[in-house]
Amino acid sequence: MALPIEDLPAWARLNDVSFDNVEVTNTKDKGYGVLSQKNLTAPEGTVETLQLLAVPHDLILNSLAVEEHAKEDREFKQLLDAVGHHPHRVNVLLFLLVQLARNSNTKQFHVGVSNPWTQYLQFLPKTVLVPTVWTEDERPLLRGTSLEVAVGAKLRALDNEFEMIRESSSSIPCWKDLFWHSGAVSFNDWVHLDALYRSRCLELPKSGESMVPCIDMINHSSNPSAYYDQNSEGKAVLLLRPGVSISKDQEVTISYGDTKSAAEMLFSYGFIDPESTPESLVLPLAPFPDDPLAKAKLVAFGKAPKVHVARESGTIRWNSSFAYLQCVNEEDGLDFRILQDNDGGQQLRVFWQDEDVTDQISEFQKLAQTHPVPEILRLRVVVSVQENLESHLEQLKSDLPPHDPSMVREECLKHGLLLRQIETSLLEDAIQALEQEKNSLLEAENVVAYLGSMETSNSDLVGEEASNEADDFS
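Mind the numbering: the sequence shown is residues 1 to 474 in UniProt numbering, read in order.
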């Protein structure tokens with residue numbers, strides 16, 4: 001059940017949220033937004049700030065607030081204990097899921113204690129166009145992009161979380177009815193709440209990662225007029241930036257960040273702002289399929305292998321510690337050993353040049369500088385990364401599957417195509433830069449000498465085999 005945004009001022013007054021010369025309303029093309037009700041100017045060069053909005057500390061929603069709510073809500077505490085007090089995000093989503101159930105028209109739900117978020121949730125948009133909620137017709141727009149794998153992995157993780165909650169609550173009658181029988185909540189609700197959380201979460205200086213009612217209605221701009229903070233009372237406040245003037249009926253905006261890549265912006269907020277988005281991407285990097293040490297390398301590395309590519313001040317830069325680990329083996333000085341620890345268990349340890357580097361494996365790129373011929377290792381890595389990027393570029397340039405325009409929402413199409421355009425350009429330039437580096441390395445004195453010695457060794461081996469065949473009188 002949704003509530004009209006015109007009812008928000010009444011909710012705000014009831015919960016001591018103060019609006020100072022601003023209001024939440026429908027904007028022309030961004031959904032809800034915050035508009036100024038009069039001409040406003042913030043002095044520059046003074047310690048005074050012009051407050052536009054203030055939200056009491058007890059309305060700030062984060063993991064700590066959820067734990068506090070559980071102290072007053074016996075049924076919710078049962079659920080939280082059964083699920084297991086997971087990290088920050090899951091606790092908040094679980095709390096929101098219960099509020100969503102209380103608002104459901106499917107069945108009257110009287111478990112737990114109502115709170116301001118029960119009603120506030122009804123003001124939030126029912127559609128958040130982040131890629132995890134894109135339809136089967138829209139998701140192919142991500143094929144070949146850095147988001148293709150990420151979105152699939154996220155949806156699987158969300159499914160695992162929701163099933164975990166259902167299983168954990170199955171022994172508590174009231175919650176079993178909610179999650180198993182009533183139809184009040186579903187997996188799609190969990191996906192929707194995750195989308196709301198990602199797109200509306202703020203990093204507060206005192207409270208950390210939190211959802212803040214009303215302040216979460218403010219839209220992004222690459223040239224923001226306001227910023228959020230916390231005052232001495234712990235309230236979340238919206239302040240006009242020093243030296244900024246806004247006119248009556250002008251939208252008040254904040255920055256959602258100027259370090260997020262196009263993929264990160266689309267993944268978290270459902271749009272890309274080309275004016276404030278740095279050119280960068282992160283792609284998965286798989287081990288060589290014929291590497292006998294591939295499994296050991298993955299286990300030792302401890303996280304998903306990736307390659308980072310960015311354009312900084314017009315120059316292509318890339319890095320991937322795993323690419324270096326991927327390109328070395330026993331003959332280079334890499335060794336894996338199973339050692340017994342003090343408790344009688346076994347540990348996989350990584351040795352490089354006879355030194356235990358297990359705890360430094362995430363920075364293997366630095367360790368690799370001690371390779372007997374570091375230019376040769378760098379050449380291997382450059383070729384490996386280049387082939388990886390070429391594979392992704394080929395997918396990006398492949399024709400998109402035909403789609404029915406009526407089945408693909410305009411915003412999804414717009415930002416999906418923009419992501420493809422940004423990442424295609426970056427990959428093309430990165431591949432060209434890698435090609436230039438490869439050619440330069442092939443001309444390096446150490447590399448020429450090494451490759452020459454390898455050719456000589458191979459020629460000698462071929463000669464020995466031919467000599468052996470000539471002496472065979474059988």
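Cβ atoms here follow ideal geometry from the backbone N, Cα and C, with glycine treated the same way.
Discussion item. DSSP three-state label for Ser-210, please.
Written reply: On the sequence shown, residue 210 is found 210 positions in, with the first residue counted as 1. Strand, per DSSP.
Discussion item. I'd like to confirm the pairing. Which residues does DSSP put opposite Lys-306 in its beta bridges?
Written reply: As a first step, residue 306 must be located in the sequence shown, where it is residue number 306. DSSP lists Pro-284 as partners of Lys-306.
Fill in: Cα-Cα separation, Trp-134 to Phe-179
Counting from one through the sequence shown, the residue named residue 134 turns up at place 134. Counting from one through the sequence shown, the residue named residue 179 turns up at place 179. C-alpha separation (whole angstroms): 24 Å.
Discussion item. Within a Cβ cutoff of 8 Å, which residues of the same chain sit near Lys-438, ignoring the five residues on either side of it in sequence?
Written reply: Within the sequence shown, the letter at position 438 stands for residue 438. Only Leu-379, Val-382, Val-383 and Gln-386 meet the Cβ criterion.
Worksheet item: Between Thr-253 and Ala-226, is the Cβ-Cβ spacing less than 8 Å?
Response: Indexing the sequence shown from 1 puts residue 253 at position 253. Indexing the sequence shown from 1 puts residue 226 at position 226. Against a cut-off of 8 Å, the Cβ pair of Ala-226 and Thr-253 comes out as a contact.
Fill in: Complete alpha helix (DSSP H) runs within the segment 252 to 279 (minimum length 4 residues, chain order)
262 to 269
Item to complete: Compare the Cα-Cα distances from Leu-298 to each of Thr-370, Arg-311, Ala-310 and Pro-284 and report the closest residue.
Response: Counting from 1 along the sequence shown, the entry for residue 298 is found at position 298. Nearest option by C-alpha distance: Pro-284.
Worksheet item: Among Thr-41, Glu-67 and Asp-429, which residue has its Cα nearest to the Cα of Gln-78?
Response: In the sequence shown, residue 78 corresponds to position 78, counting from 1. Cα-wise, what sits closest to Gln-78 is Glu-67.
Practice prompt. Return the chain-ordered list of same chain residues with a C-beta closer than 8 Å to the C-beta of Arg-139, the five sequence neighbours on each side being excluded.
Written response: Counting from one through the sequence shown, the residue named residue 139 turns up at place 139. Excluding sequence neighbours, Arg-139 sits near Pro-131 and Val-151.
Worksheet entry | Span separating the alpha-carbon of Val-55 from that of Val-237 | Along the sequence shown, one-based indexing puts residue 55 at 55. Along the sequence shown, one-based indexing puts residue 237 at 237. Cα to Cα, Val-55 sits roughly 6 Å from Val-237.
Worksheet item: What are the uninterrupted segments assigned as alpha helix (DSSP H) that are 4 or more residues long and contained completely in the segment 293 to 348, given in chain order?
Response: 294 to 301 and 321 to 326
Item to complete: Tell me whether the beta-carbon of Ser-36 lies closer than 8 Å to the beta-carbon of Asn-21.
Response: One-based indexing of the sequence shown puts residue 36 at position 36. One-based indexing of the sequence shown puts residue 21 at position 21. Yes.
Practice prompt. Would you mind sorting Ser-63 into buried or exposed? The rule is 16 or more other CB atoms within 10 Å of its CB.
Written response: Residue 63 sits at position 63 when you count from the first residue of the sequence shown. Buried is the call here.
Worksheet item: Roughly how many whole angstroms lie between the Cα atoms of Glu-233 and Leu-59?
Response: Residue 233 sits at position 233 when you count from the first residue of the sequence shown. Residue 59 sits at position 59 when you count from the first residue of the sequence shown. Roughly 13 Å separates the two Cα atoms.
Worksheet item: Given that a residue counts as buried once 16 or more other Cβ atoms are within 10 Å of its Cβ, and exposed if not, what is Phe-288?
Response: On the sequence shown, residue 288 is found 288 positions in, with the first residue counted as 1. Per the 10 Å Cβ criterion, exposed.
Worksheet item: Between Ile-215 and Tyr-228, is the Cβ-Cβ spacing less than 8 Å?
Response: The residue given as residue 215 occupies position 215 in the sequence shown. The residue given as residue 228 occupies position 228 in the sequence shown. Contact: yes.
Discussion item. Pop quiz: Phe-336 and Ala-300 are said to be a contact at Cβ under 8 Å. What is the actual Cβ separation, rounded to whole angstroms?
Written reply: Counting from one through the sequence shown, the residue named residue 336 turns up at place 336. Counting from one through the sequence shown, the residue named residue 300 turns up at place 300. At roughly 7 Å, the Cβ-Cβ gap stays under 8 Å, so Phe-336 and Ala-300 are in contact.
Item to complete: Alpha carbon to alpha carbon, how far is Glu-72 from Ser-169? Give it in angstroms, no decimals.
Response: Here residue 169 corresponds to residue number 169 of the sequence shown, with the count starting at 1. Here residue 72 corresponds to residue number 72 of the sequence shown, with the count starting at 1. Whole-angstrom Cα-Cα distance: 19 Å.
Discussion item. Need the endpoints of the alpha helix (DSSP H) that Glu-136 sits in, please.
Written reply: By one-based count along the sequence shown, residue 136 stands at place 136. Glu-136 -> no alpha helix (DSSP H), and no H or E assigned at all.
Worksheet entry | Assigned secondary structure, Val-44 (DSSP; H/G/I helix, E/B strand, else coil) | Within the sequence shown, numbered from 1, the residue matching residue 44 stands at position 44. The sequence shown places Glu at residue 44, rather than the Val named in the question. Here Glu-44 sits in coil by DSSP.
Practice prompt. Taking all protein chains shown into account, decide if Leu-339 is buried (16 or more other Cβ within 10 angstroms of its Cβ) or exposed.
Written response: The count along the sequence shown starts at 1 and reaches residue 339 at position 339. It counts as exposed.
Discussion item. Here's a check: name, in chain order, each residue in its chain whose Cβ is nearer than 7 Å to the Cβ of Ala-433, leaving out the five neighbours to either side.
Written reply: Mapped onto the sequence shown, residue 433 falls at position 433. Within the same chain, Ala-433 has close Cβ partners Ile-316.
Worksheet item: Between which two residues does the alpha helix (DSSP H) containing Glu-23 stretch?
Response: Numbered from 1 along the sequence shown, position 23 holds the residue referred to as residue 23. No alpha helix (DSSP H) contains Glu-23, which is instead part of the beta strand (DSSP E) from 22 to 26.
Discussion item. So, does the segment 188 to 202 touch the segment 313 to 329, judging by three or more C-beta pairs under 8 Å?
Written reply: no
Worksheet item: Can you name the residues that DSSP bridges to Trp-352?
Response: In the sequence shown, residue 352 corresponds to position 352, counting from 1. Partner(s): Leu-334 and Glu-355.
Practice prompt. Measure the alpha-carbon distance for Thr-49 versus Tyr-269 and round it to whole angstroms.
Written response: Position 49 of the sequence shown holds residue 49. Position 269 of the sequence shown holds residue 269. Roughly 28 Å between the two C-alpha positions.
Item to complete: Could you pull the start and end residues of the beta strand (DSSP E) that Val-237 belongs to?
Response: Looking up residue 237 in the sequence shown gives position 237. Start and end: 236 to 240.
Practice prompt. Give the secondary structure of His-86 by DSSP, where H, G and I count as helix, E and B as strand, and everything else as coil.
Written response: Residue 86 sits at position 86 when you count from the first residue of the sequence shown. It is coil, neither helix nor strand.
Worksheet entry | Residue of Ile-5, Pro-305 and Leu-129 minimising C-alpha distance to Ser-199 | Taking the sequence shown and counting its residues from 1, the one referred to as residue 199 is at position 199. Here the closest residue by C-alpha is Leu-129.
Discussion item. When you compare the CB positions of Arg-241 and Ala-65, do they come within less than 8 Å of one another, or not?
Written reply: Counting from 1 along the sequence shown, the entry for residue 241 is found at position 241. Counting from 1 along the sequence shown, the entry for residue 65 is found at position 65. Cβ atoms of Arg-241 and Ala-65: not closer than 8 Å.
Discussion item. Tell me the rounded alpha-carbon separation between Gln-395 and Thr-277.
Written reply: Within the sequence shown, residue 395 is the residue found at index 395, counting from 1. Within the sequence shown, residue 277 is the residue found at index 277, counting from 1. Whole-angstrom Cα-Cα distance: 23 Å.
Worksheet item: Going straight from the alpha carbon of Gln-369 to that of Glu-312, what length do you get?
Response: For the purposes of this step, residue 369 is taken as the residue at position 369 of the sequence shown. For the purposes of this step, residue 312 is taken as the residue at position 312 of the sequence shown. Looking at the two C-alpha atoms, the distance is approximately 24 Å.
Discussion item. Just to confirm before moving on: does the CB-CB distance between Leu-239 and Ala-263 stay below 8 Å?
Written reply: As a first step, residue 239 is located in the sequence shown; it is residue number 239 there, counting from the start. As a first step, residue 263 is located in the sequence shown; it is residue number 263 there, counting from the start. No.
Discussion item. Please return the same chain residues whose Cβ sits closer than 6 Å to the Cβ of Asn-446, not counting the five positions on each side in sequence.
Written reply: If you number the sequence shown from 1, residue 446 lands on position 446. Taken in chain order, the residues that qualify are Val-373 and Glu-375.
Discussion item. What does the Cβ neighbour count give for Glu-44, buried or exposed, with the cut at 16 atoms within 10 Å?
Written reply: Translated into positions along the sequence shown, residue 44 becomes position 44. Exposed is the call here.
Fill in: Same chain only: Cβ atoms within 7 Å of Gly-144, ignoring 5 sequence neighbours per side
Counting from 1 along the sequence shown, the entry for residue 144 is found at position 144. Excluding residues within five positions, the ones whose Cβ falls inside 7 Å are His-392, Gln-395, Leu-396 and Ser-398.
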